[in-house]
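Engineer: The structure that follows is given in the form of structure tokens.
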Amino acid sequence: MIKNMMKLCLGVGFAALTMVGLSGCSVSVDGEDYQSVSPGFDIEQFFDGNVKAWGIVQNRSGEVVQRFVVNIDGSIEGDTLTLDETFEYGVGEGPKSRTWTIVKQGDGTFVGKASDIDGPAKGTSYGNAFNFHYEMDLPVDDTTYSVTFDDWFWAFDDSTMMNRSYIRKFGIVMAEVTIFMQKQTD
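Residues -15 to -1, 1 to 171 (mature numbering (1 follows the signal peptide of the UniProt record, and there is no 0)) are what the sequence shown spells out, left to right.
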């Protein structure tokens, strides 16, 4: 009887530890938490012109696997924001450039496209935050992984922003990207 109770306790304990461990793999940001936070983030205003960004990519264990600088040239024509990104890597490798086309929709949301993004990126503003959600075939070494990006931007002021991206595979965060962005004045 005692042996069975110990097995049951160990089994329940293992299950509880497993659930706690798995919950650590899940990151959830609720945009509604930022709806009334100032300053409001206007993606079109922020990216119209030149923006410089510095970022890192960390794997699941927190190791920095990429360090990069991005120069972003943005322009607006009608409801379309175009971002031409040029990357320089200090650690790791990645795309040398990317062009985003982001179109404001009638309901205030945004739809974005880039050549290496699978399908449309869907964007929503929440006060000082902006969320972009999209899928990408991400090359890593000799393998390509189909992943989901949960891309969050938070404005500090009109010229400074922080970006945090959660890269998921099967719903589990596999890597995180942290980027500091600053609007350049000529």
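For every residue, glycine included, the Cβ atom is placed at its ideal position computed from N, Cα and C.
Given the structure is predicted, the values throughout are model-derived calculations rather than measurements.
(1) Give me, in chain order, the residues of the same chain whose beta-carbon lies closer than 6 angstroms to that of Val54; leave out the 5 immediate sequence neighbours on both sides.
(2) Residues bridged to Thr94 by DSSP?
(3) Which partner residues of Ile152 appear in the DSSP bridge assignment?
(4) Which stretch, first to last residue, makes up the beta strand (DSSP E) that contains Phe53?
(5) Cα-Cα, which of Asn148, Met147, Lys107, Asp101 is closest to Tyr130?
(6) For Val88 and Val76, I'd like the C-alpha separation in whole angstroms.
(7) Which residue's Cα is closest to the Cα of Ser23: Trp139, Asp122, Met159?
(8) Kindly list the residues whose CB is nearer than 7 angstroms to the CB of Phe(-2), restricted to its own chain and excluding five residues on each side of it in sequence; keep chain order.
Structural biologist: Let me lay it out:
(1) Trp39, Glu73
(2) According to DSSP, which records beta bridges pairwise, Thr94 is partnered with nothing at all.
(3) Phe134, Ala160
(4) 49 to 62
(5) Asp101
(6) 33 angstroms
(7) Trp139
(8) Here the model assigns Phe(-2) a pLDDT of 47, short of 50, so the residue's position is not dependable, and the following value carries that caveat. Around Phe(-2): no qualifying Cβ.
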